[in-house]
Structure formats: structure tokens, C-alpha cells
Amino acid sequence: MLPERTSPRDEDSPQAVLRGLSSIWLDFESQVHHIPIVRRVLERRIRLADYHELLLNHRAQVMNGALWIARAASSVGHEFAELRSRFIRHAAAEHRDYLMLEQDYLKSGGDPAGLARHELNIGSEALSAWIFHRADQPNPFDLLGAMYIIEGLGKRVAAQWAEHVRSALRLEAQAVTFYLYHAKADEDHLGELEEALRCGILNLPGMAPRILKTARVTARLYRLQLEEIGSY
1 MLPERTSPRD
11 EDSPQAVLRG
21 LSSIWLDFES
31 QVHHIPIVRR
41 VLERRIRLAD
51 YHELLLNHRA
61 QVMNGALWIA
71 RAASSVGHEF
81 AELRSRFIRH
91 AAAEHRDYLM
101 LEQDYLKSGG
111 DPAGLARHEL
121 NIGSEALSAW
131 IFHRADQPNP
141 FDLLGAMYII
151 EGLGKRVAAQ
161 WAEHVRSALR
171 LEAQAVTFYL
181 YHAKADEDHL
191 GELEEALRCG
201 ILNLPGMAPR
211 ILKTARVTAR
221 LYRLQLEEIG
231 SY
């Protein structure tokens with residue numbers, strides 16, 4: 001049976017949802033800048049040990065990222081088959097990104113033994129558990145809000161972080177490949193997200209506010225993840 005749908009109101013339009021997501025992102029970005037390790041990146045005071053902790057943290061998150069996107073795809077109904085295919089393609093595109101992080105870690109002088117650690121920090125545990133919970137729900141398109149926050153980091157700050165890390169630590173570009181790659185790739189993913197909002201999902205009851213709430217929760221838990229770098 002097809003899910004119940006309603007005619008979208010103005011506040012449920014793609015444009016309104018994108019405005020809401022943009023507002024949430026701006027709040028998130030301003031708050032992230034106050035996190036100590038991020039502030040050290042922006043002020044070019046980051047230490048090599050900080051960078052290695054960031055890379056290991058990103059690596060654990062990225063390994064889970066493709067899994068929850070694939071899980072979400074399995075929860076999408078047949079009536080949204082094209083969107084399910086997009087989720088699957090997205091997961092396939094990212095499931096080996098952790099290899100870039102391993103390369104950056106080793107190229108910047110990281111101890112190979114550190115790569116044996118896959119443990120999530122305290123904040124990452126909370127973020128991962130919550131996102132996997134959402135991915136198990138029927139038609140979990142509210143996770144587009146989570147993607148907006150996470151992919152937004154790539155589009156809006158990754159290139160800047162790469163520049164600051166290279167400057168502070170005198171690294172070659174081969175040691176910041178993950179940030180440089182996602183500065184471009186995540187821009188493409190955000191374009192796909194905007195297209196998805198125009199594929200009828202906002203006709204599902206309550207979907208627009210749910211997307212915004214999921215974005216807000218993701219933003220808060222992502223901050224916690226960065227705040228807890230090194231806490232396992």
C-alpha cells in the first residue's frame with residue numbers, strides 16, 4: 001500500500017526546507033568554530049598529534065557512513081525506487097573513502113599501528129547510534145538533513161582546513177587528500193540532495209519538519225564528536 005500523502009504547504013516546499021537547512025548549517029558552523037581542535041586548525045596552530053587524531057576520528061566515522069546510507073536505502077519503499085538507487089550509489093561512492101584517510105595519516109608521519117584502532121569516540125558513538133536508528137525507519141528521508149550537515153562540511157570548510165593544516169604542519173598535498181577530495185565531491189552530493197527534495201518526498205506527512213529536526217540533531221551530535229576527539 002502506498003504511503004499516505006498530502007499536498008505540500010509553502011513551509012513544506014523544497015525552497016523552504018533548503019532555507020531551514022541553511023539556517024541550521026550557519027548556526028552549526030559558528031558553534032563548530034569554538035571547538036578547541038577546530039579553532040587550532042583555523043588559527044593554524046594545529047599540532048601533528050591533533051591532525052592524526054582528526055584523521056583517525058574521520059576514518060571511524062567514514063567507515064560507518066557508507067553502512068548507514070546503505071541501511072537507509074534498504075528501508076526505502078519500492079514507490080521511491082529511484083531515490084533508493086541514489087542512496088545505494090552514494091554508499092558505493094564513499095565506502096572506500098577511509099583509504100584516503102589512511103594515506104593521509106601515513107603520509108603525514110602517523111604510526112601504522114594506530115590504524116588498528118577502529119574505536120569511536122564518545123560523541124561518535126552517540127552520532128552513529130542515532131543515525132543508524134533513523135536509517136532503520138521506513139522511508140528515512142529525514143536523513144537528508146543529516147547529509148546536509150555532514151556533506152556541508154566537505155563543501156564549505158574542507159578546502160580551508162586542508163590549506164590551514166598544510167600551512168601549519170608544512171605538509172604536501174598528498175597528506176591532505178581526504179579534505180581536498182571532499183571539497184569537490186561533497187558539492188556534487190549536496191546538489192543531488194537538493195534534487196531529492198523535489199522527488200515527492202515532501203508530500204509524505206511530517207517529512208519537512210522531520211528533515212529539519214534530523215539536521216539539528218546531527219549538528220549537535222557532530223559537534224559532540226569533535227568536542228570528544230581523543231575520548232574513547
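For the sequence shown, full-length UniProt numbering gives the first residue as 1, with consecutive numbering after it. All C-beta atoms in this analysis are idealised placements derived from N, C-alpha and C, irrespective of residue type, glycine included. Everything numeric in this text was worked out from a predicted model, so none of it was measured.
By Cβ distance, which residues of its chain are closer than 8 Å to residue 87, with the 5 residues on each side in sequence left out?
Contacts found: 69, 70, 72, 73, 76.
If you draw a straight line from the C-alpha of residue 168 to the C-alpha of residue 123, how long is it?
Those two C-alpha atoms are separated by around 26 Å.
Three-way DSSP call (helix, strand, coil) for residue 118 in this model:
Coil.
For residue 5, which residues in the same chain have their Cβ closer than 7 Å to its Cβ, ignoring the five residues on either side in sequence?
Residue confidence for residue 5 is low, a pLDDT of 48 falling below 50, so the modelled location carries little weight and cannot support an answer.
Quick one: what does DSSP say residue 132 is sitting in, helix, strand or coil?
Three-state result, residue 132: helix.
Three-way DSSP call (helix, strand, coil) for residue 205 in this model:
Assigned with DSSP and collapsed to three states, residue 205 falls in coil, not helix or strand.
Given this structure, state the Cα-to-Cα distance separating residue 120 from residue 141, to the nearest angstrom.
If you draw a straight line from the Cα of residue 120 to the Cα of residue 141, it is about 25 Å long.
So, helix, strand or coil for residue 97, using DSSP?
Three-state result, residue 97: coil.
Where the alpha helix (DSSP H) through residue 33 begins and ends
Following the DSSP letters along the chain, one finds residue 33 in no alpha helix (DSSP H), marked with neither H nor E.
Whole angstroms is fine: what's the gap from residue 43's alpha carbon to residue 50's?
Cα to Cα, the separation comes out at about 13 Å.
Buried or exposed for residue 17, going by 16 or more other Cβ atoms inside 10 Å?
Classification of residue 17: buried, given that the 10 Å Cβ count is 16 or more.
Unbroken alpha helix (DSSP H) run spanning residue 145, endpoints
Its alpha helix (DSSP H) spans residues 143-169.
Quick one, are the C-beta atoms of residue 24 and residue 216 less than 8 Å apart?
Taking a C-beta distance under 8 Å as the contact criterion, residue 24 and residue 216 qualify as a contact pair.
Please give the ranges of any alpha helix (DSSP H) in the segment 48-88, keeping only runs that are unbroken, at least 4 residues long and fully inside the region.
Counting only runs of 4 or more, we get 48-74.
Report the rounded CA-to-CA distance for residue 127 versus residue 225, giving the unit in angstroms.
Roughly 7 Å separates the two Cα atoms.
Could you check whether residue 28 and residue 131 sit closer than 8 Å to each other, using their CB atoms as the reference points?
No, Cβ-Cβ distance for residue 131 and residue 28 is not below 8 Å.
Residue 140 in three-state terms, based on DSSP:
DSSP places residue 140 in the coil class of the three-state scheme, outside both helix and strand.
Find out if the Cβ-Cβ distance for the pair residue 196, residue 144 is shorter than 8 Å.
Cβ atoms of residue 196 and residue 144: closer than 8 Å.
Does residue 104 pass the burial test, meaning 16 or more other C-beta atoms within 10 Å, or should it be called exposed?
Sixteen is the threshold: when 16 or more other Cβ atoms of the shown chains lie within 10 Å of the Cβ of residue 104, as they do, the residue is buried.
In angstroms, rounded to a whole number, what distance separates the CA positions of residue 165 and residue 37?
Near 12 Å, if we compare the C-alpha coordinates of residue 37 and residue 165.
According to DSSP, simplified to helix, strand and coil, what is residue 176?
Here residue 176 sits in coil by DSSP.
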